[in-house]
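Accompanying notes for the structure given below.
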Amino acid sequence: MADRQSTSASSPPPIRPSPSRRRVQKYRSIKDIIDNAAVVVHDYNDAVCDQCGSGDRDHQLLLCDKCDKAYHMLCLRPIVVRVPIGPWYCPACSDHPPPLRSVILFSIEISGFTQTKIFDFFKIKKCSASSVKRISPQDSRRRRRRTGAIVHHKKRRRLLPYTPSEDTKSRLEQMRSLASALTYLSMEFSDDLTYSFDMAPRRANLAMFENGGMQVLSKEDTKTLEYCRAMLKRGECPPLLVVYDSCEGYTVEADGPIKDMTLVTEYIGDVDFIKNRKHDDCDSMMTLLLASNPSKSLVICPDKRGNIARFINGINNFTPDAKKKQNLKCVRYSVYGECRVLLVATRDIAKGERLYYDYNGYEHEYPTHHFV
């Protein structure tokens, strides 16, 4: 009895797990959680548009990644051009303000741009009025005297330089609207094509690579292009206003009369290989070069840098009424051996008229059936 008591008394106490070990043991392993997890299946077959209440055209329904509400791409304002890549959020869940608030914010941003800020934003070179010689290429051609025998040639339509507004206040308002729109989209203004180290180099933009060749901009039209660039650098912008429409988003309208064949603007942005932009969600890319070797084809991407061409909308190629709205054409030229994209007026444009051109000027692959 004594031996049994002494043995039990001398036996060590039972080992208890430490507090840290108990804390670890109460959690299930990742493998156990995955193996026993219940699979949640969401059925979206009965999804209807939160705007129109219809479930038709389900291939155009977008589901918000936050609230799971569905919207037709055409029911959204502004409309969604194509199915977004990656997460998409409805107007209520998005960080972007709704159309009405956008109009108010756009007006506030416009009023916030003073003349000094506008000059800094566009890097305008200040010069006195007396030092500026406003002689257009057309004026110099008129003064040129004919010499020798008169030879009749087929008359070719030449490009005309745009005519800036004479009123300084109007020009400031035009630049203010563009600066506000670019700022809202977190973009920088640029008056020339940009070549970044991680995109296409400048040596890749050669017109000689174009499949079938590219039309060369004539000497006279090249002078017109240079004249327009010089006007822009000194703050004489084309008579255009960027306005916000609740249906179309940002768009451009004429703030003065524009004649037929007027060079309105050049399409500006970052130059990149089209192979790098196959899955890009930017809806404003413009073809720059269609090379015989597809890997050398180039596009202009105005998502970080651009000009007013970024906000000019396209027409709907599938409706006759929409085609009547077209008043610009997009033309690619070889300028000093490099590819350039110019937007030229196809008819006289009245003040207050919105500008439209055909997105499918070359490839006929861009889906425009949902355009307004």
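Residue numbering for the sequence shown follows our numbering, starting at 990 and increasing by one per position. The C-beta atom is built at its ideal place from N, Cα and C for all residues, glycine as well.
Separation of Ser1323 from Leu1332, as counted between CA atoms = 14 Å
In whole angstroms, what separates the C-alpha of Pro1150 from that of Asp1054?
-> 48 Å
Which term fits Gly1326, buried or exposed, when burial requires 16 or more other beta carbons within 10 angstroms of its beta carbon?
-> exposed
Sub-9 Å separation of Asp1234 and Asp1259 beta-carbons = no
Per DSSP, which one or two residues make a beta bridge with Arg1165?
-> According to DSSP, Arg1165 bridges with nothing at all.
Use the C-beta contact count for Phe1186: other C-beta atoms within 10 angstroms, 16 or more gives buried, fewer gives exposed.
-> exposed
Whole-angstrom C-beta distance between Ile1289 and Val1253, which should lie under 8 Å | Wrong, their Cβ atoms sit about 16 Å apart, outside the cutoff.
As assigned by DSSP and simplified to three states, the class of Leu1279 = coil
Straight-line gap, Gln1104 to Gly1341 (C-alpha atoms, nearest Å) = 24 Å
Look at Gln1163 and Arg1321 and say whether their C-beta atoms are less than 9 Å apart.
-> no
Hey, how far is the Cα of Ser1207 from the Cα of Glu1155?
-> 29 Å
Check whether the segment 1302 to 1315 touches the segment 1219 to 1232, taking contact to mean three or more Cβ pairs, one atom from each stretch, closer than 8 Å.
-> no
Using 8 Å as the threshold, is the segment 1272 to 1287 in touch with the segment 1187 to 1199, meaning 3 or more CB pairs across them?
-> yes
Span of the alpha helix (DSSP H), counted from its first residue to its last, around Glu1215 | Lys1208 to Lys1222
Since Ala1243 is in the beta strand (DSSP E), which residue starts that stretch and which ends it?
-> Gly1238 to Ala1243
Member of Ala1219, Leu1167, Leu1050 and Arg1145 whose CA lies at the smallest distance from the CA of Val1241 = Leu1167
Going by alpha carbons, who is nearest to Thr1183 out of Lys1106, Pro1153, Phe1262 and Gly1201?
-> Phe1262
Chain-order list of residues whose beta-carbon lies under 8 Å from that of Ala1036 (same chain, five-residue window excluded) = Gly1044, Asp1047, Leu1050, Leu1052 and Ala1059
Closest to Gly1075 by CA distance: which of Arg1294, Asp1269 and Ile1247 is it?
-> Asp1269
Of all the options Leu1065, Ile1107, Cys1079 and Ala1219, which has the alpha carbon lying nearest to the alpha carbon of Leu1161?
-> Ile1107
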